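Everything below concerns the one structure shown next.
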Amino acid sequence: MLNRILATVLKKNNKKLFVSLLSLLLIVGIVTIYTWIIPNANTAQSEDGIPEMVTAFDYKAMVTPNVLHPNGGTVEAGETLYKNITTAIPIDLKSIISADEEVLAKGSYEVQLLIKAGGNWERAFSLQDKQSFEGKGTDISVISSSYQIDLGQVNAFILQVENETGVRHPKYELEVVPTIQGELQYSDKVKELDIQDKLIFDYLPEEIKLASEKAYSTAIEPNENQTLTKSFSILGLSIPLLLVRIISISLFLLLILSILFSLVYLDEGPVNDDTSEAERLSKKYGRRVIPISEQIDFTGKTIVHFATFTSMLKIADEIEQPIFFYENGNDDSQMYLIVDLFCVYMYAPNTDIPPARPAKNLANRKDYVIG
4 MLNRILATVL KKNNKKLFVS LLSLLLIVGI VTIYTWIIPN ANTAQSEDGI PEMVTAFDYK
64 AMVTPNVLHP NGGTVEAGET LYKNITTAIP IDLKSIISAD EEVLAKGSYE VQLLIKAGGN
124 WERAFSLQDK QSFEGKGTDI SVISSSYQID LGQVNAFILQ VENETGVRHP KYELEVVPTI
184 QGELQYSDKV KELDIQDKLI FDYLPEEIKL ASEKAYSTAI EPNENQTLTK SFSILGLSIP
244 LLLVRIISIS LFLLLILSIL FSLVYLDEGP VNDDTSEAER LSKKYGRRVI PISEQIDFTG
304 KTIVHFATFT SMLKIADEIE QPIFFYENGN DDSQMYLIVD LFCVYMYAPN TDIPPARPAK
364 NLANRKDYVI G
């Protein structure tokens, strides 16, 4: 049916609709090509400009009054701290996700103090219980807090272990370890976060010495096998790219087939060309027409002839009278009548039947044969 409608439209030179169909075909074609060019999913790969996790430690020393610091208190500290006068190590910790473009990060972190005796034993103490974080932007603050290593408690724990085990190690290690876990999304890529930067001190019999860096920068590269399925956004809706591909190519093929078949049947003519005008009017306006078997007496009335049946419809509506149809089988005359008080309105349909068009031999139109 769609092919016949298109054929009739084109037969009547309705160029606007034909141009609209071609424009729609062009738009659908562009969308189809675009959806097949772009990948259905992005596989994350290392590249320049990827986000970084920047962690910075800053520490000082809490000391008792001494010849170097008569007032005691919290003082600036170098890489070496003296155990005899140092009671605690205050630490400022900041971890920031930095990126060139907007990213989304969410997850959790916790901060622990590890006391290690080489490869023999270690013990973890919580400096901060697990906390959640979530942020969006180019600079996302994950941790920004202050902590403190109580050297009195550390020394007491080590002495207890030495007394119980009977083993004294020449060097212990104190590690401040922030553990950051979660997920980072950027540029259609995703990265699982699991970062443990450390601030390490060597805990010696007479002194405490810095044994690590105080600042770290870790590139957050996407997982090698991690992919994100793309979607296609239209009118505020996000549709899976695969579904858009199926719909667009199906619509594109349907439009092509419809236009091709409409061109094949372009000069076939209307379906009802082999029927008379009266038959066509009867099918279209049958509810408004009343057949009669005898001719109406026109005596004393003015007869008004109409050139089109449309005019009959208009006058019937204006004077609110029915339309009668009379057919004389003897002389094949047909007429539509509207009877008024002083007038009889008449329309005589064309009784000629158009000659049948010769059947098309589509086999000769090889340029439109499909398959």
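Heads up: the sequence shown runs through residues 4 to 374, numbered per the working numbering.
For glycine and all other residues, C-beta sits at the position ideal for the given N, C-alpha and C.
On a predicted model such as this, the values are computed, not experimentally measured, just so you know.
DSSP three-state assignment for residue i, whether helix, strand or coil
| i | result |
| --- | --- |
| Glu50 | The predicted model places Glu50 with a pLDDT of 49, which falls under 50 and marks its position as unreliable; any figure quoted below should be read in that light. Correct three-state label for Glu50: coil. |
| Leu207 | coil |
| Phe60 | strand |
| Thr354 | coil |
| Asp320 | helix |
| Thr35 | helix |
| Phe345 | coil |
| Ser148 | strand |
| Phe328 | strand |
| Asn275 | Because Asn275 sits at a pLDDT of 46, beneath the cut-off of 50, its placement in the model cannot be relied upon, and the point is left open. |
| Thr313 | helix |
C-beta contact flag for residue i and residue j at 8 Å
| i | j | result |
| --- | --- | --- |
| Phe327 | Ile293 | yes |
| Ser26 | Val57 | no |
| Leu116 | Val179 | yes |
| Ile198 | Ile183 | yes |
| Ile295 | Met315 | no |
| Leu96 | Phe60 | yes |
| Lys119 | Glu113 | no |
| Tyr85 | Glu176 | no |
| Ile161 | Pro54 | no |
| Gly138 | Gly185 | no |
| Asp103 | Thr141 | yes |
| Pro181 | Ile146 | yes |
| Ser261 | Thr35 | no |
Limits of the unbroken alpha helix (DSSP H) element including residue i
| i | result |
| --- | --- |
| Gly155 | 154-168 |
| Ala91 | Counting along the chain, Ala91 falls outside any alpha helix (DSSP H), though it belongs to the beta strand (DSSP E) covering 89-120. |
| Ala281 | 280-288 |
Span of the beta strand (DSSP E) around residue i
| i | result |
| --- | --- |
| Leu196 | 192-199 |
| His72 | Careful: His72 lies outside any beta strand (DSSP E) and carries neither H nor E. |
| His308 | 305-308 |
| Ala80 | Taken as a continuous stretch (DSSP letters only), Ala80 belongs to no beta strand (DSSP E), as it is neither H nor E. |
| Ile183 | 175-189 |
Among the options, nearest to residue i - alpha-carbon criterion
| i | options | result |
| --- | --- | --- |
| Gly81 | Leu260, Gly32, Tyr288, Leu213 | Leu213 |
| Lys201 | Ile250, Pro352, Thr221 | Thr221 |
| Gly303 | Asp142, Ala281, Asp343 | Asp343 |
| Glu167 | Asp320, Glu282, Ala159 | Ala159 |
| Ile40 | Ser98, Val247, Leu28, Asp205 | Val247 |
| Ser144 | Ala108, Leu284, Gly289 | Ala108 |
| Ile28 | Leu196, Ile318, Ile259 | First, the residue type needs correcting, since residue 28 is Leu and not Ile in the sequence shown. Per the Cα distances, Ile259. |
| Gly289 | His308, Phe312, Asn123, Ile99 | Phe312 |
Integer-rounded CB distance, given that residue j should sit under 8 Å from residue i
| i | j | result |
| --- | --- | --- |
| Ile92 | Leu154 | 7 Å |
| Gln298 | Tyr329 | 6 Å |
| Tyr150 | Gln131 | 7 Å |
| Leu254 | Val31 | 5 Å |
| Gln324 | Ala281 | Rounded, the Cβ-Cβ distance is 20 Å, inconsistent with contact. |
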